[in-house]
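Okay, structure first, notes after.
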Amino acid sequence: MEAIAPDAQPGASAQGAVLTVTGAGKTYEQPVLADVSLALHAGEVLALTGENGAGKSTLSKIVGGLTAPSAGSMTLMGEPYAPASRKQAEALGVRMVMQELNLLPTLSVAENLFLNRLPRRFGPLGWTGWIDRTRLREDARAAMAQVGLEAIDPDTLVGELGIGHQQLVEIARNLIGDEAQGAAPLRVLILDEPTAMLTGREVELLFEQIARLRARGVALVYISHRLEELERIAQRVAVLRDGRLVRVDAMASLTPERIVALMVGRELGERIELGERRIGAPLLKVDGIGRASVVRDVSFEVRAGEIFGVSGLIGAGRTELMRLIYGADAKDRGTVALAGTPGAPPVPVRIDSPVDAVRHGIALITEDRKGEGLLLPQPVAANVSLGNVGAVARYGVVDAARENALAGAQIDALRIRTSGPGQSVGELSGGNQQKVVIGRWLARRSTGAQAAKGVSGSVHGVRVLLFDEPTRGIDVGAKFDIYALMGSLAREGCALVVVSSDLRELMLICDRIGVMSAGKMTAIFARGEWTQDALLGAAFAGYRAEDAMLADAADLPELKTSVPAQRPGDRVQSPPPDGRGGSAS
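So in UniProt numbering, spot 12 of the sequence shown is number 12, and the numbers just go up one at a time.
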């Protein structure tokens, strides 16, 4: 790929390119993309990276037909290219796998894979309107096998799948696009953060498909913040910053540190400093909580000022555990206890709904920020004020000035890139949308004292924050902002529970890490005790134990399993945040 940019390196010629973009720009209330020129060639993976809000998604939407450019032009196979819709772009062979999944939850996996080209039965009078279900299932199984979904029934409703599996269905739908009858040949495939919700095995399957597509001459654009992935699969890297292309070069010629510096405009250190913290008495205690076989008798506690990580494979029950604590799902058993005052022992509280959780000072930053965390058509101000009505309303009527002031404070504090409190949240990048969700709870924390005095009954300020994949799909610079925010909350005495699929992230920021496996918390590690191998071993331990029980039931030789010595709910002493050891008190 070639770019016209202030410090771009000489690259391949646009002649003979599959796709060219010349002087592309896009303006909403303010410019978000300006004068971007690129040329993408057959059999090439172009890594497109940059901070959230840098223009990556806007550029990909222009190429994919979802957004019309305000300036510039494009060509596809040497011909003028100006798709009026995503459907038109796909008809010409340009496809996208977006962060926002393009699936219908009430249809089956098979129906989603072959939507608009469902196989029909052939009758005495020719083709009928009836769907050939047998052929549909066969074709779906073949497509699903490409991305490791062999174990899922093609007739399963997409809405019943987890986010990670839905992502694989979306990828499979696009990979088979040019193989289905009547579909256009696949010429360009844009992958926007495709591995954000995938396990290691699923990532490897995706990379195998990318290699096959390259061999067939497909041009790929791979948008990601995971630099180790870009090093493995990309031939070139293009870096966007503030809507402009600042560098295009061979992937091998740029170090990860240099790429990060180009993204954020400065060098970032290798170490995260969360500041001095005092880890106090237990603030949250979960005892034997469970729901059917999804979450099974999980026990742990989190102390004031502590960051407690939750690791595990997709489907291990991590998100489900957070939802049980928050009251979003009903638990079958177990209790949630909270300390009423600093230093007091946790006392069981009744949490039957998110309303109860919020009243007790528990906040959940959900993994599905677009579906569950935000009102996308509404402005930033309205989204921040959700849950803070008592602070912005008079006699039941929202005071716009107060609402804008509340949102403005969070925009400044979290460095949210927006034109102002009135901008629609749906127009923001993923990282800035996540900051809006977090800002809502921070605003509630700052107004909690007022609420406790009578504005909203017995509401407490937020004391326990449950972060479910808080940095998924967020650029490196924004991740550092989130980490700094977590450190600030911990220093103020909050108890933080962080679910993440990124082991290195948890090892970097957490005081302790609990590992979920097959619905159970198989081990809890303190800083200084864990290793990546130990965490991975614990993540598989629950499944090995189940295999052993099945083997016993079948009168087969017992399978060996290695489970760390800690039991679910064991208390593990946390060292100070600087990791030097010693008392955590």
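Idealized CB from N, CA, C, for every residue including glycine.
Would you check if the distance between the CB atom of residue i and the CB atom of residue j is smaller than 9 Å?
| i | j | result |
| --- | --- | --- |
| residue 220 | residue 227 | no |
| residue 365 | residue 197 | no |
| residue 206 | residue 194 | yes |
| residue 46 | residue 235 | yes |
| residue 311 | residue 377 | no |
| residue 259 | residue 240 | no |
| residue 444 | residue 462 | yes |
| residue 511 | residue 176 | no |
| residue 149 | residue 172 | yes |
| residue 513 | residue 525 | yes |
| residue 470 | residue 434 | yes |
| residue 392 | residue 374 | no |
| residue 218 | residue 50 | no |
| residue 527 | residue 305 | no |
| residue 367 | residue 232 | no |
Could you have a look at residue i and say whether DSSP puts it in helix, strand or coil?
| i | result |
| --- | --- |
| residue 304 | coil |
| residue 352 | coil |
| residue 291 | strand |
| residue 108 | strand |
| residue 20 | strand |
| residue 144 | helix |
| residue 492 | coil |
| residue 72 | strand |
| residue 60 | helix |
| residue 441 | helix |
| residue 332 | coil |
| residue 523 | strand |
| residue 249 | strand |
| residue 232 | helix |
| residue 205 | helix |
| residue 326 | helix |
| residue 357 | helix |
| residue 218 | coil |
| residue 152 | coil |
| residue 341 | coil |
| residue 199 | coil |
| residue 31 | strand |
Is it buried or exposed for residue i, if we count other Cβ within 10 angstroms and need 16 for buried?
| i | result |
| --- | --- |
| residue 501 | buried |
| residue 522 | buried |
| residue 348 | exposed |
| residue 102 | exposed |
| residue 585 | Because the pLDDT at residue 585 is just 27, under 50, the model does not fix this residue reliably, and the value given afterwards should be weighed accordingly. With fewer than 16 other Cβ atoms within 10 Å, it is exposed. |
| residue 404 | buried |
| residue 160 | exposed |
| residue 301 | buried |
| residue 397 | exposed |
| residue 530 | buried |
| residue 93 | buried |
| residue 350 | exposed |
| residue 112 | buried |
| residue 539 | buried |
| residue 17 | buried |
| residue 257 | exposed |
| residue 99 | buried |
Would you report the Cα separation of residue i and residue j, rounded to the nearest angstrom?
| i | j | result |
| --- | --- | --- |
| residue 298 | residue 493 | 24 Å |
| residue 282 | residue 516 | 21 Å |
| residue 275 | residue 496 | 15 Å |
| residue 19 | residue 316 | 42 Å |
| residue 387 | residue 440 | 7 Å |
| residue 309 | residue 476 | 20 Å |
| residue 89 | residue 390 | 47 Å |
| residue 170 | residue 203 | 14 Å |
| residue 335 | residue 346 | 11 Å |
| residue 60 | residue 66 | 9 Å |
| residue 498 | residue 133 | 43 Å |
| residue 520 | residue 541 | 10 Å |
| residue 303 | residue 284 | 7 Å |
| residue 415 | residue 118 | 47 Å |
| residue 58 | residue 151 | 36 Å |
| residue 454 | residue 486 | Residue placement at residue 454 is flagged as unreliable, the pLDDT there being 34, under the threshold of 50; a coordinate-derived value is accordingly withheld. |
| residue 459 | residue 361 | Model confidence at residue 459 stands at a pLDDT of 37, short of 50, so the residue's coordinates are unreliable; what they give is reported in the following sentence. Straight-line Cα distance between these residues: approximately 7 Å. |
| residue 286 | residue 339 | 12 Å |
So does residue i have its beta carbon nearer than 8 Å to some heavy atom of the ligand COA?
| i | result |
| --- | --- |
| residue 283 | Although the ligand COA was asked about, the structure shown includes no ligands whatsoever. |
>> Contact between the segment 277-292 and the segment 322-332 is defined here as three or more beta-carbon pairs at a separation below 8 Å; is this criterion met?
In response: Contact holds between the segment 277-292 and the segment 322-332, because three or more Cβ pairs, one in each stretch, are under 8 Å apart.
> Is there contact here, the segment 240-250 with the segment 33-41, by at least three beta-carbon pairs under 8 Å?
Replying inline: Output reads yes: the segment 33-41 touches the segment 240-250.
>> Using a Cβ distance threshold of 8 Å, determine whether the segment 137-155 contacts the segment 82-89, with at least three qualifying pairs required.
In response: Taking 8 Å as the limit for Cβ pairs, the verdict is that the segment 82-89 does not touch the segment 137-155.
> Are three or more beta carbon pairs between the segment 185-193 and the segment 149-162 nearer than 8 Å?
Replying inline: Short answer: they don't touch.
>> Across the segment 325-336 and the segment 350-357, are there enough close Cβ pairs to call them in contact, namely three or more that are closer than 8 Å?
In response: A contact exists between the segment 325-336 and the segment 350-357.
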